[in-house]
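Numbering (the numbering used here), first residue to last: 68 to 159. Note that beta-carbon positions come from the ideal geometry of N, C-alpha and C, so glycine has one too. In what follows, a single structure is set out as structure tokens and then discussed.
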Amino acid sequence: MGTDTSPVRITGKVQGRDIVLSGPLSKDEIRDQVWWWRDPADKPYDDSERDVITTLGGYYEVPEDFRTPEGTELVDMVHAELNPDPSGRAQS
Numbered sequence: 068m069g070t071d072t073s074p075v076r077i078t079g080k081v082q083g084r085d086i087v088l089s090g091p092l093s094k095d096e097i098r099d100q101v102w103w104w105r106d107p108a109d110k111p112y113d114d115s116e117r118d119v120i121t122t123l124g125g126y127y128e129v130p131e132d133f134r135t136p137e138g139t140e141l142v143d144m145v146h147a148e149l150n151p152d153p154s155g156r157a158q159s
């Protein structure tokens, strides 16, 4: 019996930049990589194009602020996909 050791990968297009998230990542690491432009030294948010993350469940729009309920939900979902529970139980 073998195990699949290939990491889970989630892709996205955020602020015109292609991003790839490979697990395992903490929730803080996910926020830092998805909302990278939030650094005040970087460019301001540009909403002229849709920012989208592609997960196993489909395409999800990235909200401007990760502190919104939508942002929190997206981080939780991405974290669950990148960090599967080896026991097979659902993570809370």
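Original post:
If you drop the 5 nearest sequence neighbours on each side, which residues of the same chain put their C-beta closer than 7 Å to that of L149?
Top reply: As a first step, residue 149 must be located in the sequence shown, where it is residue number 82. Excluding sequence positions up to five before and after L149, its CB lies within less than 7 Å of the CB of V75, I77, L88, G90, P91, L92, all in the same chain and listed in chain order.
Original post:
Since Y126 contacts L141 with CB under 8 Å, what's their CB separation in whole angstroms?
Top reply: Translated into the one-based positions of the sequence shown, residue 126 becomes position 59. Translated into the one-based positions of the sequence shown, residue 141 becomes position 74. The pair is not a contact, with the Cβ atoms about 11 Å apart (cut-off 8 Å).
Subject >> Assigned secondary structure, T139 (DSSP; H/G/I helix, E/B strand, else coil) >> reply: Start at 1 with the first residue of the sequence shown, and residue 139 comes out as number 72. Three-state DSSP puts T139 in a helix.
Subject >> CA-to-CA distance, P136 to A101, given in whole angstroms >> reply: In the sequence shown, residue 101 corresponds to position 34, counting from 1. In the sequence shown, residue 136 corresponds to position 69, counting from 1. For the record, residue 101 in the displayed sequence is Val; it is not Ala. Between V101 and P136, the C-alpha separation is close to 15 Å.
Original post:
Between H146, D95, D99, D118, which lies nearest to Q82 when the distance is taken from Cα to Cα?
Top reply: Numbered from 1 along the sequence shown, position 15 holds the residue referred to as residue 82. Closest in C-alpha terms to Q82, from the list H146, D95, D99, D118, comes D118.
Original post:
Are the Cβ atoms of G124 and P130 separated by less than 8 Å?
Top reply: Here residue 124 is taken as the residue at index 57 of the sequence shown, counted from 1. Here residue 130 is taken as the residue at index 63 of the sequence shown, counted from 1. Not in contact: G124 and P130 (Cβ atoms no closer than 8 Å).
Original post:
What's the C-alpha gap between D229 and K94?
Top reply: There is simply no residue 229 to check, as the chain begins at 68 and stops at 159 in what is shown.
**OP:** Kindly give me the distance between the Cβ atoms of W104 and Y112, rounded to whole angstroms, as I take these residues to be in contact under 8 Å.
**Re:** Residue 104 sits at position 37 when you count from the first residue of the sequence shown. Residue 112 sits at position 45 when you count from the first residue of the sequence shown. Between W104 and Y112, the beta carbon gap of about 6 Å places them in contact (Cβ cut-off 8 Å).
Original post:
Alpha carbon to alpha carbon, what distance is there between G79 and I86?
Top reply: To locate residue 86, count along the sequence shown from 1; it is residue 19. To locate residue 79, count along the sequence shown from 1; it is residue 12. Distance from the CA atom of I86 to the CA atom of G79, rounded to whole angstroms, is 5 Å.
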